[in-house]
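Numbering (full-length UniProt numbering), first residue to last: 1 to 114.
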């Protein structure tokens, strides 16, 4: 069984907020899971980063999406950005046991994310 949990990440400054979807989900190995993230920002260009947190607390970078870029893909990780709706999803395919973790999305100003 695949277990993941998502927690809200408040990496917000003025007019910037990030909110994640369901707090936990369970999937079988080999399945696909989609994680949701909503955001608000006054920035015209930005990145959204996805990380997973290991039980040790270490944060592992997975993938990033630029606000002006085509949807990103990195191995088993793929992103779908709906910029007008300020909504982004991370899809993880072919789930493995080591995917069991807490997942976080973070909104970063373009100038800080390069």
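No residue lacks a Cβ here, since even glycine has one placed at the ideal position from N, Cα and C.
Who are the Cβ neighbours of residue 71 in its own chain at under 8 Å, not counting the five residues just before and after it? Excluding sequence neighbours, residue 71 sits near 65, 78, 79, 80 and 81.
Would you mind sorting residue 105 into buried or exposed? The rule is 16 or more other CB atoms within 10 Å of its CB. By the 10 Å Cβ count, residue 105 comes out buried.
Please give the ranges of any beta strand (DSSP E) in the stretch 64 to 111, keeping only runs that are unbroken, at least 3 residues long and fully inside the region. Runs of the beta strand (DSSP E) inside the stretch 64 to 111: 77 to 82, 87 to 92 and 101 to 109.
Go to residue 35, then tell me how far its beta strand (DSSP E) extends in each direction, as first and last residue. 33 to 40 is the extent of the beta strand (DSSP E) around residue 35.
How many angstroms separate the CA atom of residue 97 from the CA atom of residue 29? Each residue's Cα considered, the two are about 7 Å apart.
Mind checking whether residue 16 and residue 34 have CB atoms under 7 Å apart? No, these two residues do not count as a Cβ contact at 7 Å.
Output the distance between the C-alpha atoms of residue 27 and residue 91, rounded to the nearest integer angstrom. Spanning the two alpha carbons is a distance of roughly 13 Å.
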